[in-house]
Amino acid sequence: MLLKKFFKFVLPSIVSMWIFALYTMVDGMFVAWGVGEDALASVNLSMPYVIMIFTVGLLMATGTSTLISIALGQGEKERASSLFTMNLVVLTVVSFAVTAVSLVFLEPLALFLGASPANLGYVKEYVGTIAAFAVFFILSYNMEALVKTDGTPMVSAIGVTACGLTNVVLDYVFVMRFHWGVFGAAFATGLAQAASTAIFFIYFLKFRKTLRFQRFRLNLSVYKRIIPLGMANGFTELSGGLVVFMFNQVILAVIGEHGIVSYTVISYINTLVLNTMAGIAQGVQPIISYHYGAEEPKICRKLLRYAMVMNIVVTAVYCLMLEAFPGIFVGLFMEPGTDGTFAYTEMALRLYSLSFLFLGFNVVSAGYFTAVEKPVFSFLISAGRGLVLLALSLGAMVILVGEKGIWISPLFSEAVCAVMAAGFFIAARRKTRKADAGAAAQRRRIDAVS
800 MLLKKFFKFV LPSIVSMWIF ALYTMVDGMF VAWGVGEDAL ASVNLSMPYV IMIFTVGLLM
860 ATGTSTLISI ALGQGEKERA SSLFTMNLVV LTVVSFAVTA VSLVFLEPLA LFLGASPANL
920 GYVKEYVGTI AAFAVFFILS YNMEALVKTD GTPMVSAIGV TACGLTNVVL DYVFVMRFHW
980 GVFGAAFATG LAQAASTAIF FIYFLKFRKT LRFQRFRLNL SVYKRIIPLG MANGFTELSG
1040 GLVVFMFNQV ILAVIGEHGI VSYTVISYIN TLVLNTMAGI AQGVQPIISY HYGAEEPKIC
1100 RKLLRYAMVM NIVVTAVYCL MLEAFPGIFV GLFMEPGTDG TFAYTEMALR LYSLSFLFLG
1160 FNVVSAGYFT AVEKPVFSFL ISAGRGLVLL ALSLGAMVIL VGEKGIWISP LFSEAVCAVM
1220 AAGFFIAARR KTRKADAGAA AQRRRIDAVS
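For the sequence shown, this note's numbering begins at 800 and goes up steadily by one.
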């Protein structure tokens, strides 16, 4: 029964995250086919901004989902719906602020992302168009998580699938038929987000199970709990953007602009793998939080085991495919040429994909600690694997190995982070056993007195 519940939540979550990754990849594929490799590199330079917008939605969704799940586990449906409504209103205001700031400082933002005089126009086109749709990016990602919290993960998969299909169709029409180039790809992505937002809004308005729109009393102090709880998953998402930005700068310095094309392909594939692991973590999070709120720790640990076993299986499949057949994945974005870029990208992908052996364990661990209200552990894991350890590893490997060190640096950072995460599990288990022993001793003293 519990295993069935696990798959009911996790499989739609993985599908949703796959589609999030795929429609980003589709932008890259159509731009590569319809415009060229220079434009593809420009889309990659813009990715940190896109991921930053998604992070705002996920940051609030994860923390809000945890508190709502705990409230539902305690039987407080009215408080859960009030928190749900307030969160969407606050996010709408935040979204408009993000759009305004981005458009006012569009050129400085594009230059900060790494745009050169040759591709500045492309980057401004892409970022400016995405910024205009920020409210849909943020609300769609947020409501996608809350639909699962409401107990209907299949609606999440339907909404995200509609978003992905809309993006594919519009990418083809705008880029390949209308020849709108980079603007067309960004416009298609924005309209796709608007479509999924509409689906989730209609669900909560007409077909919801528990959560509903209702009057609320503004209580911003609750974000003192929401933001720390969302920091781990939010940082996991944001780290993707930070990593792209960091790698872009190092590649430009060590390899040159042609290396950006190889990394663009690798970053799309990395996003697909990362989103799969995030799908497992986000799918199991609301049910772990529910049983945590109901004070059922054994069930929480059993759900964690399910998630870890699934992570091992999926990770093995990804690594085998990428090591054995890298050309299939590289071929989605470029054709074999005489300049050696295709073969170089295959080599780099093989090295980079070794990091996936540890990535899933780290992401699922961070998600579990978030679900049981241990935000410090979850944040340290996410910050470690997503930025701090990777930055240290990247710098060290480039110095020691040269340009190949760029592609193997994630392996070392993920491995070190996995050891750290295992240590957190041991520490948490020891603390639980100590508390249980103390409680048992207290009961014995009470029994002796009585």
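Even glycine gets a Cβ: it sits at the ideal position worked out from N, Cα and C.
- Residue 834 sits in coil when the DSSP states are folded into three classes, being neither helix nor strand.
- Only buried fits residue 851, as 16 or more other CB atoms lie within 10 angstroms of its CB.
- Put simply, of 893, 1073, 1158, 1098 the residue whose alpha carbon is nearest the alpha carbon of residue 1085 is 1098.
- Contact between the segment 896-914 and the segment 817-824 is absent: fewer than 3 CB-CB pairs across the two stretches fall below 8 Å.
- Within the segment 913-945, the runs of alpha helix (DSSP H) at least 4 residues long that lie entirely inside it are, in chain order, 919-931.
- In the structure shown, residue 1008 falls within a coil segment according to DSSP collapsed to helix, strand and coil.
- Judged by beta-carbon spacing, residue 1193 lies within the 8 Å limit of residue 1205, meaning their Cβ atoms are closer than that value.
- Looking only at 1162, 946, 1186, the smallest Cα-Cα distance to residue 1177 is reached by 1162.
- For residue 950, no alpha helix (DSSP H) segment is defined, and its DSSP state is neither H nor E.
- Here residue 869 carries a helix assignment [DSSP, helix/strand/coil].
- Using a C-beta cut-off of 8 Å, the segment 804-819 makes contact with the segment 1065-1079, since at least three inter-stretch Cβ pairs fall below that distance.
- CA-CA distance, residue 848 to residue 882, rounds to 28 Å.
- The three-state reading of DSSP puts residue 1093 in coil, since its state is none of H, G, I, E or B.
- Taking C-alpha positions only, residue 1113 is separated from residue 1083 by approximately 16 Å.
- Collapsing the DSSP output to three states places residue 910 in a helix.
- Going by beta carbons, residue 1054 and residue 836 fall outside the 8 Å limit.
- Under the three-state reduction of DSSP, residue 1016 is assigned to coil, being neither helix nor strand.
- A residue is called buried once 16 or more other Cβ atoms fall within 10 Å of its Cβ, and residue 1081 is buried on that count.
- A direct Cα-Cα distance of roughly 13 Å separates residue 1041 from residue 853.
- Excluding residues up to 5 positions away in sequence, 1125, 1126, 1129 lie with their Cβ nearer than 8 Å to the Cβ of residue 1145 in the same chain.
- A check of alpha carbon separations from residue 1047 across 1142, 913, 1012 identifies 913 as the nearest.
- Remark: C-beta atoms of residue 975 and residue 833 approach each other more closely than 8 Å.
- Residue 889 and residue 1228 have their C-alpha atoms some 37 Å from each other.
- Here residue 1157 has 1213, 1214, 1217 as same chain residues with Cβ atoms under 6 Å from its own Cβ, once five neighbours each way along the sequence are excluded.
- Contact between the segment 1056-1067 and the segment 869-888 is absent: fewer than three C-beta pairs spanning the two stretches fall below 8 Å.
- A residue is called buried once 16 or more other Cβ atoms fall within 10 Å of its Cβ, and residue 1231, having fewer, is exposed.
- Residue 1167 places its beta carbon 8 Å or farther from that of residue 868.
- Membership of residue 892 in the alpha helix (DSSP H) is indicated by the continuous run 876-903.
- At a Cβ-Cβ threshold of 8 Å, residue 1066 and residue 1185 do not count as neighbours.
- Minimum Cα-Cα distance from residue 1152 among the listed residues 1211, 1022, 1030, 999 corresponds to 1211.
- In the three-state reduction of the DSSP assignment, residue 1153 falls in the coil class, being assigned neither a helical nor a strand state.
- In the displayed model, residue 800 falls within coil according to three-state DSSP, outside both helix and strand.
- Taking a 10 Å sphere around the C-beta of residue 939, we find 16 or more other C-beta atoms and assign the residue as buried.
- Spanning the alpha carbons of residue 1014 and residue 879 requires a straight line of approximately 12 Å.
- Contact annotation: residue 830 and residue 981 have beta-carbon atoms nearer than 8 Å.
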